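Chains as they are written, first to last, in our numbering: chain A, 1 to 280; chain B, 1001 to 1301. We put the CB at the ideal spot given by N, CA and C, even for glycine. All values reported here derive from a predicted model rather than from experimental measurement.
In structure tokens form, the structure reads like this:
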């Protein structure tokens, strides 16, 4: 394929993303059974990682790794690298959001013109950031409860537990429903998390402002448009075989729907529990 | 390949033969087991069957608890079995005497407990031996089928301690949320999910099996003076750790915002209830709008 590829993620960012989502999945997988110990799937899930002790070890280890990646991310992008400001919210995002709603409801026929980061991607990025801070802080408090009870009353450890559970539900809904639908289900198969590149078509549709600046820059300075990782191109072509796409999309759809139902069940039961405890 | 019909017939005949022999053997073995209790079995078949499954079936028989004579066999109505020293159903207080003839130490411990105290002071519903262990179907606490197996003990205690009418009928002051609050603890979750060779604490590990006492009793395992020893017992939590937190376990501790009466836990919960409802409606709203906008997309551009 000779179509243009636009660089979206550096190798460093891709590795950060892979570590982050791998630990996220492990944490959710070993964490939610502890919230619902009476459910049939909890026992099954704990047994699948080899018992309760393994669960604790996996949860703690992946939590620490995730914390490490988050700290590295902040240090790398704020100190080691020149911080970029186009990821921050600005007034244009409100306009874009409003335009997207008008477009979706067929009131306006004009698609919003996004820059490098859409308002939703900014939301997810900062949501993930704040989530990592809350989960990391409360998790460290509960990692050794007796040690933290030396300095804090047990009420604070219980509040940390409350935060940890709620934030887990919130983050899992955002990732397993919102992020999966937008970035992986809607754009299936979206391989930019592996190759780091996105196609010209997607660039025009989703990041038109960035596309225009990159093309203008290219024409002005005669720069190369980056084709990152040529070695992965073979994988990219192979995976675009129609049968493979159909099969993998079916599997992904089933997986996505199951996880969606699971998340809905979890949010329903946590909400009901909270309402009976605190509201009624 | 064709299977000859003759060999199939042969097989069926052999299988039937084996089945009849096995059947006969099993019937005879069951018969000889029942024979010992034939006089009681005539009428009390369920009780005798339960008893034969129990841990006591090898050591004692009906007469050891109920009196009477089992030597008379075979009569349809075994009056004689009931005539000699027959006691029938032992009373709830009297049962301790029967149990103590073998389990004297355990009964002594039980007689130290608040349960026995209440039972003898006129609260007829307070538990006696057989309320927890069962009457005829007693099994070892190590047997997973037993009601006193560690996994089932919380439900066993909750049967009375969750019941609001029972708890209020005795005397006011017993909380009925003990099982629910225990369910929130790491102890319960770890047990349910099969943790550390199944050695996490259930009710009796802190409250004692037989000499359960009121918290205010200085001899109670959960009295604040003895709490550290209780947590340290069986090497669960070292004394250093237990000393750090020697407070109430079932009660959640509220943290209030300074100079107000606002509970921080309720505040966090309200915040996240709103967040999750907002997030769910936002996410699914956007998905629905996105799908709607894709309908007839060609007409629009």
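Counting every other CB atom within 10 Å of its CB across the protein chains shown gives residue 186 of chain A a total below 16, marking it as exposed.
At a beta-carbon threshold of 7 Å, none of the residues of chain B lie near residue 205 of chain A; the nearest stands roughly 11 Å away.
Counting only runs of 4+ residues, the alpha helix (DSSP H) found wholly inside the segment 138–165 of chain A occupies 145–149, in chain order. Using a Cβ-Cβ cut-off of 8 Å, residue 104 of chain A counts as an interface residue toward chain B, since at least one Cβ of chain B sits closer than that to its own.
Interface residue (Cβ-Cβ distance to chain B less than 8 Å): residue 248 of chain A is not classified as such. Closest in alpha carbon position to residue 1149 of chain B, among B:1099, B:1022, B:1050, B:1191, is B:1191. Look at residue 1213 of chain B here: in three-state DSSP terms it is coil, with no helix or strand label. Residues of the same chain with a CB within less than 6 Å of the CB of residue 171 of chain A, apart from the 5 flanking positions on each side, are 131 in chain order. For the segment 1246–1270 of chain B, the beta-carbon criterion of a distance under 8 Å to any beta-carbon of chain A is satisfied by 1247, 1252, 1253, 1254, 1255, 1264, 1265, 1266, 1268, 1269, 1270. Scanning its chain for C-beta atoms nearer than 6 Å, with the 5 sequence neighbours on each side dropped, one finds around residue 1230 of chain B the residues 1206, 1221, in chain order.
Using beta-carbon distances, residue 75 of chain A does not count as an interface residue toward chain B, since no partner is under 8 Å.
At least one C-beta of chain A is nearer than 8 Å to the C-beta of residue 1290 of chain B. Judged by DSSP secondary structure, residue 100 of chain A falls within the alpha helix (DSSP H) whose first and last residues are 91–104. The segment 1088–1132 of chain B is shown to contain whole alpha helix (DSSP H) runs of 4 or more residues at 1095–1100, 1104–1110, 1114–1120, in chain order. Distance from residue 23 of chain A to residue 66 of chain A at the Cβ level is roughly 4 Å; contact confirmed, criterion being Cβ atoms closer than 8 Å. CA-CA distance, residue 1227 of chain B to residue 1213 of chain B, rounds to 13 Å. Counting along the chain, residue 6 of chain A sits inside the beta strand (DSSP E) bounded by residues 5–7. The beta-carbon of residue 1190 of chain B is placed less than 8 Å from the nearest beta-carbon of chain A.
Interface annotation, residue 1293 of chain B: in contact with chain A, CB-CB separation under 8 Å. Distance check between residue 56 of chain A and each of A:26, A:77, A:176, A:39 places A:26 closest, using alpha-carbon atoms only. When A:213, A:103, A:11, A:4 are compared, the shortest CA-CA separation from residue 1291 of chain B is found for A:103. For residue 1235 of chain B, none of the residues of chain A pass the 8 Å Cβ criterion, the least Cβ distance being about 15 Å.
Listed along the chain, the chain A residues whose CB falls inside 9 Å of the CB of residue 1298 of chain B amount to none; the nearest CB is some 12 Å away. The three-state reading of DSSP puts residue 1140 of chain B in coil, since its state is none of H, G, I, E or B.
Proximity of chain B to residue 61 of chain A at the Cβ level (cut-off 9 Å) is not reached, the minimal Cβ distance being about 17 Å. Comparing C-alpha distances from residue 176 of chain A to each of A:79, A:259, A:6, A:123 shows the shortest one belongs to A:259. Residue 1256 of chain B sits in a strand when the DSSP states are folded into three classes. By a beta-carbon distance limit of 8 Å, residue 189 of chain A contacts residue 245 of chain A. Their separation comes to about 6 Å. The beta-carbon distance between residue 34 of chain A and residue 1189 of chain B, rounded to whole angstroms, is 5 Å. This is short enough to meet the 8 Å contact definition.
Within the segment 1145–1171 of chain B, the runs of alpha helix (DSSP H) at least 4 residues long that lie entirely inside it are, in chain order, 1153–1161, 1164–1170.
Residue 199 of chain A: member of the beta strand (DSSP E) spanning 197–199, first to last residue.
The Cβ of residue 83 of chain A sits no closer than 8 Å to any Cβ of chain B.
With its beta carbon less than 8 Å from one in chain B, residue 158 of chain A belongs to the interface. Within chain A, not a single residue places a beta-carbon under 7 Å from that of residue 1087 of chain B; the smallest gap is close to 43 Å. Scanning A:16, A:181, A:164, A:158 for the CA closest to the CA of residue 1254 of chain B turns up A:158.
Among the residues facing chain B, residue 178 of chain A is included, as its CB has a counterpart in that chain under 8 Å away.
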